[in-house]
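Enquirer: Same order as they appear, the protein sequences are chains A and B. The working numbering puts the first sequence at residues 8 to 221. The working numbering puts the second sequence at residues 8 to 221.
There are 2 protein chains.
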Amino acid sequence: MIEILIADDHAMFADGLESILEGQEEITVKSKCHDGNGVIDYMADSKVDIILLDVNLPGMNGIEVCKEISTKYPDTKVIAISMFNEESIVTEILNNGAKGYILKNTGREELILAIKKVVAGESYFSKEVTETIMKSLMNQRKNSVKSNSILPKISRREKEVLKLIVEEFTTQEIADKLFISLKTVESHRSSLLAKLSARNTAGLVRIAMENNLI
Amino acid sequence: MIEILIADDHAMFADGLESILEGQEEITVKSKCHDGNGVIDYMADSKVDIILLDVNLPGMNGIEVCKEISTKYPDTKVIAISMFNEESIVTEILNNGAKGYILKNTGREELILAIKKVVAGESYFSKEVTETIMKSLMNQRKNSVKSNSILPKISRREKEVLKLIVEEFTTQEIADKLFISLKTVESHRSSLLAKLSARNTAGLVRIAMENNLI
DNA sequence: GTTAAAACTAGGGTTTTCACCCATTTATAA
DNA sequence: TTATAAATGGGTGAAAACCCTAGTTTTAAC
Numbered sequence: 008m009i010e011i012l013i014a015d016d017h018a019m020f021a022d023g024l025e026s027i028l029e030g031q032e033e034i035t036v037k038s039k040c041h042d043g044n045g046v047i048d049y050m051a052d053s054k055v056d057i058i059l060l061d062v063n064l065p066g067m068n069g070i071e072v073c074k075e076i077s078t079k080y081p082d083t084k085v086i087a088i089s090m091f092n093e094e095s096i097v098t099e100i101l102n103n104g105a106k107g108y109i110l111k112n113t114g115r116e117e118l119i120l121a122i123k124k125v126v127a128g129e130s131y132f133s134k135e136v137t138e139t140i141m142k143s144l145m146n147q148r149k150n151s152v153k154s155n156s157i158l159p160k161i162s163r164r165e166k167e168v169l170k171l172i173v174e175e176f177t178t179q180e181i182a183d184k185l186f187i188s189l190k191t192v193e194s195h196r197s198s199l200l201a202k203l204s205a206r207n208t209a210g211l212v213r214i215a216m217e218n219n220l221i
Numbered sequence: 008m009i010e011i012l013i014a015d016d017h018a019m020f021a022d023g024l025e026s027i028l029e030g031q032e033e034i035t036v037k038s039k040c041h042d043g044n045g046v047i048d049y050m051a052d053s054k055v056d057i058i059l060l061d062v063n064l065p066g067m068n069g070i071e072v073c074k075e076i077s078t079k080y081p082d083t084k085v086i087a088i089s090m091f092n093e094e095s096i097v098t099e100i101l102n103n104g105a106k107g108y109i110l111k112n113t114g115r116e117e118l119i120l121a122i123k124k125v126v127a128g129e130s131y132f133s134k135e136v137t138e139t140i141m142k143s144l145m146n147q148r149k150n151s152v153k154s155n156s157i158l159p160k161i162s163r164r165e166k167e168v169l170k171l172i173v174e175e176f177t178t179q180e181i182a183d184k185l186f187i188s189l190k191t192v193e194s195h196r197s198s199l200l201a202k203l204s205a206r207n208t209a210g211l212v213r214i215a216m217e218n219n220l221i
């Protein structure tokens, strides 16, 4: 039996969800909350398998609720529900532990499918949401490929040094690891600074990670 | 008119693609290649709008070809074609500039849709490929959420300082920007080192970027 | 097969960061 | 109310990073 908590401040919508789910014999709606704190309070006493969580909740918003639930109760999975298919919101709540994201115009069958998938340990997104994520993913790649192309070649030794710098080793430690002089490592650092047009270690690490040349 | 180059070492498959596409009056198959170098040579003389590129090509493999084409001829879009729906391959070729990825069991209509989408500047992926990407995306998030949870709270001022450190400003410059003393900034740096358990600036930047707290 | 460019090596001198030590004032939470 | 954390600032000294120069070796190009 899949136990569910519904969190939505629009009573009518929450009731609608409940009546849809009551038709399913393997699903029970344990309770309904109308704000973020209600969810936190409910979880302090009882547990459920799935929380259907409206992103725009009064008081404590959905993203904060999701973060707290995901860290405190990792066995409870959150499916975010929203009117909006905005990339920033989707990304934000997924980064905070939501296992699914469906839009409010989602049909009965899709909702039940989403719940079953998430219970099975998978994730589920509405078709439109998937498109949004993929679009933003491709934009990221476009940018990273662009910046990649202007990067000059980093030599084998320089790459070794860079890797160790990112791993927080000091110049002396790197010298010992590579069996070369402190001064040689400093030399490689200088070349790296010039090639990557960085001003200091911070820049080296940032550029190394942005272009993952580690 | 959309001009296409087909690159696949299985002649029969390449011919099949060609005959499918010949039925479309807005599409012309300009040529077919059977290895990676053939693609590079062809592009040196003529240009096309789309390359349907098999990932597993003899000689120069599809990923290298894709990288070279995407950087040299950004107007030519690459759609990767493969038998396999493996996350590592998909990620690799997308990172090297492919605009689409379809499986070899893709039907006629879907192939044509993919071509039209990519020509229009969008990207296209088979349903199965999309699922694979989303799955790996969620695994990444799962890991990053895990590591996030052990991070202590960074205060507002510390976050400001951290952001400027990542942007390659020196302590003195940060002090000037925030209208506070050099010593205060050093104080914040120390707190950051302790809280994020980093040894030096490199660690601060790495952790800041890994957990994107910028 | 010479030549030029890049890579790898390293020393001297300067600037920045870091590690301790400390203190005051102001929010925030228990 | 009483700690606890945040934000501010100071001094000293060591360690690390950075800048400039320069020799040898390897690689690439002509």
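Glycine residues also receive a C-beta, built at the ideal position from the N, C-alpha and C atoms.
Could you tell me if leucine 158/A is buried or exposed, where buried requires 16 or more neighbouring beta carbons within 10 angstroms of its beta carbon?
Expert: Translated into the one-based positions of the first sequence, residue 158/A becomes position 151. By the 10 Å Cβ count, leucine 158/A comes out exposed.
Enquirer: Hey, quick one: how far does the beta strand (DSSP E) through threonine 35/B stretch, first residue to last?
Expert: Walking along the second sequence from the start, residue 35/B turns up at place 28. First-last of the beta strand (DSSP E) with threonine 35/B: 34-40.
Enquirer: Between leucine 185/A and glutamate 167/A, what straight-line distance do the alpha-carbon atoms span, to the nearest angstrom?
Expert: Position 178 of the first sequence holds residue 185/A. Position 160 of the first sequence holds residue 167/A. Distance between the alpha carbons of leucine 185/A and glutamate 167/A is about 9 Å.
Enquirer: Output yes or no for whether 8 Å exceeds the beta carbon distance between leucine 64/B and valine 72/B.
Expert: Locating residue 64/B in the second sequence gives position 57, counting from the first residue. Locating residue 72/B in the second sequence gives position 65, counting from the first residue. The answer is yes: Cβ separation under 8 Å.
Enquirer: What does DSSP give as the partner residues of aspartate 16/B in its beta bridges?
Expert: Translated into the one-based positions of the second sequence, residue 16/B becomes position 9. According to DSSP, aspartate 16/B bridges with nothing at all.
Enquirer: Have a look at Ser151/A, Phe176/A, Leu101/A, Ser89/A and flag the residue whose alpha-carbon is nearest the alpha-carbon of lysine 142/B.
Expert: Taking the first residue of the second sequence as position 1, residue 142/B is located at position 135. Of the listed residues, the one whose Cα sits closest to lysine 142/B is Leu101/A.
Enquirer: Using 8 Å as the Cβ pair cut-off and three pairs as the minimum, do the stretch 171-188 of chain A and the stretch 168-177 of chain B touch?
Expert: no
Enquirer: Buried or exposed, going by whether 16 or more other CB atoms sit within 10 Å of the CB of histidine 195/B?
Expert: On the second sequence, residue 195/B is found 188 positions in, with the first residue counted as 1. Label assigned to histidine 195/B: buried.
Enquirer: Measure the alpha-carbon distance for serine 204/B versus serine 162/A and round it to whole angstroms.
Expert: Working through the second sequence from its first residue, we reach residue 204/B at position 197. Working through the first sequence from its first residue, we reach residue 162/A at position 155. Near 31 Å, if we compare the C-alpha coordinates of serine 162/A and serine 204/B.
Enquirer: Should aspartate 48/B be labelled buried (16 or more other beta-carbon atoms within 10 Å of its own) or exposed?
Expert: In the second sequence, counting from the first residue as 1, residue 48/B sits at position 41. Label assigned to aspartate 48/B: exposed.
Enquirer: In chain order, what residues of the same chain lie with their CB nearer than 6 Å to the CB of threonine 234/A, ignoring the 5 residues before and after it?
Expert: Because chain A in this structure spans residues 8 to 221, residue 234/A falls outside the shown range and cannot be described.
Enquirer: Let me make sure I understand the geometry here. Which of Thr137/A, Thr178/A, Glu165/A, Lys79/A has the alpha-carbon closest to that of methionine 50/A?
Expert: Within the first sequence, numbered from 1, the residue matching residue 50/A stands at position 43. Out of Thr137/A, Thr178/A, Glu165/A, Lys79/A, Lys79/A has the C-alpha closest to the C-alpha of methionine 50/A.
Enquirer: DSSP on leucine 118/B, reduced to helix/strand/coil?
Expert: Numbered from 1 along the second sequence, position 111 holds the residue referred to as residue 118/B. In the structure shown, leucine 118/B sits in a helix (DSSP, three-state: H, G or I).
Enquirer: Taking a cut of 7 Å between CB atoms, which residues from the stretch 84-114 of chain B lie near chain A?
Expert: Leu101, Asn102, Gly104
Enquirer: Would you mind working out which of His17/A, Glu32/A, Leu110/A sits nearest lysine 39/A, comparing C-alpha positions?
Expert: Residue 39/A sits at position 32 when you count from the first residue of the first sequence. Lysine 39/A has its Cα closest to that of His17/A, out of His17/A, Glu32/A, Leu110/A.
Enquirer: Does the ligand NAD have even one heavy atom less than 7 Å from the beta-carbon of asparagine 207/B?
Expert: This structure simply doesn't include the ligand NAD, nor any ligand for that matter.
Enquirer: Return the chain-ordered ranges of every alpha helix (DSSP H) run that is complete within the stretch 158-208 of chain A and spans a minimum of 4 residues.
Expert: 163-173, 178-185, 189-202
Enquirer: Using 8 Å as the limit for Cβ to Cβ distance, is isoleucine 172/A near chain B?
Expert: The residue you call residue 172/A lines up with position 165 of the first sequence. At least one CB of chain B lies nearer than 8 Å to the CB of isoleucine 172/A.
Enquirer: Mapping DSSP to helix, strand and coil, what is leucine 220/A?
Expert: Along the first sequence, read from residue 1 onward, the residue named residue 220/A stands at position 213. If DSSP states are grouped into helix, strand and coil, leucine 220/A belongs with coil.
Enquirer: Taking only three categories from DSSP, how would you classify valine 3/A?
Expert: The requested residue 3/A is not part of the displayed model; chain A covers only 8 to 221.
Enquirer: Using three-state DSSP, classify leucine 64/A as helix, strand or coil.
Expert: Counted from its first residue, the first sequence places residue 64/A at position 57. Of the three classes helix, strand and coil, the one that applies to leucine 64/A here is coil, per DSSP.
Enquirer: According to the Cβ coordinates, are lysine 111/B and isoleucine 96/B closer than 8 Å?
Expert: Here residue 111/B refers to the residue found at position 104 of the second sequence. Here residue 96/B refers to the residue found at position 89 of the second sequence. Cβ distance not < 8 Å, so lysine 111/B and isoleucine 96/B don't count as in contact.
Enquirer: According to DSSP, which residues form a beta bridge with serine 89/A?
Expert: Position 82 of the first sequence, counted from the first residue, corresponds to residue 89/A. Its beta-bridge partners are Leu110/A.
Enquirer: Apart from the five residues just before and just after valine 31/A, which ones in its own chain have a Cβ nearer than 7 Å to its Cβ?
Expert: Stepping through the first sequence from its first residue, residue 31/A is reached at position 24. At residue 31/A the sequence reads glutamine, which differs from the valine that was named. Ile119, listed in sequence order.
Enquirer: Buried or exposed, going by whether 16 or more other CB atoms sit within 10 Å of the CB of alanine 201/A?
Expert: The residue given as residue 201/A occupies position 194 in the first sequence. Alanine 201/A should be labelled exposed.
Enquirer: Could you spell out the range, first to last residue, of the alpha helix (DSSP H) harbouring glutamate 99/A?
Expert: For the purposes of this step, residue 99/A is identified with residue 92 of the first sequence, where counting begins at 1. Start and end: 94-102.
Enquirer: According to DSSP, simplified to helix, strand and coil, what is tyrosine 49/B?
Expert: Working through the second sequence from its first residue, we reach residue 49/B at position 42. Helix.
Enquirer: If you draw a straight line from the alpha carbon of arginine 148/B to that of aspartate 52/B, how long is it in whole angstroms?
Expert: Position 141 of the second sequence, counted from the start, is the residue given in the question as residue 148/B. Position 45 of the second sequence, counted from the start, is the residue given in the question as residue 52/B. Whole-angstrom Cα-Cα distance: 44 Å.
Enquirer: How long is the line joining the alpha carbons of methionine 67/B and isoleucine 13/B, rounded to whole angstroms?
Expert: Within the second sequence, the letter at position 60 stands for residue 67/B. Within the second sequence, the letter at position 6 stands for residue 13/B. So the alpha carbons of these two residues sit roughly 15 Å apart.
Enquirer: Check glutamate 129/A in the structure and name its three-state DSSP category.
Expert: The count along the first sequence starts at 1 and reaches residue 129/A at position 122. It is coil, neither helix nor strand.
Enquirer: Can you list, in chain order, the residues of its chain whose CB lies under 6 Å from that of methionine 90/A, leaving out five sequence neighbours each side?
Expert: As a position in the first sequence, residue 90/A is number 83, starting the count at 1. Contacts found: Lys111.
Enquirer: Tell me which residue opens and which closes the alpha helix (DSSP H) that threonine 78/B is part of.
Expert: As a first step, residue 78/B must be located in the second sequence, where it is residue number 71. Segment 69-79, the alpha helix (DSSP H) holding threonine 78/B.
Enquirer: Quick check: what's the CA-CA separation for glutamate 117/A versus methionine 19/B?
Expert: For the purposes of this step, residue 117/A is taken as the residue at position 110 of the first sequence. For the purposes of this step, residue 19/B is taken as the residue at position 12 of the second sequence. The alpha-carbon atoms of glutamate 117/A and methionine 19/B are separated by roughly 40 Å.
Enquirer: Residues in the stretch 23-52 of chain A with C-beta within 9 Å of chain B's C-beta atoms, listed in sequence order?
Expert: none
Enquirer: When you compare the CB positions of isoleucine 86/B and valine 36/B, do they come within less than 8 Å of one another, or not?
Expert: Within the second sequence, residue 86/B is the residue found at index 79, counting from 1. Within the second sequence, residue 36/B is the residue found at index 29, counting from 1. No; because the gap between Cβ atoms is not below 8 Å, this pair is not in contact.
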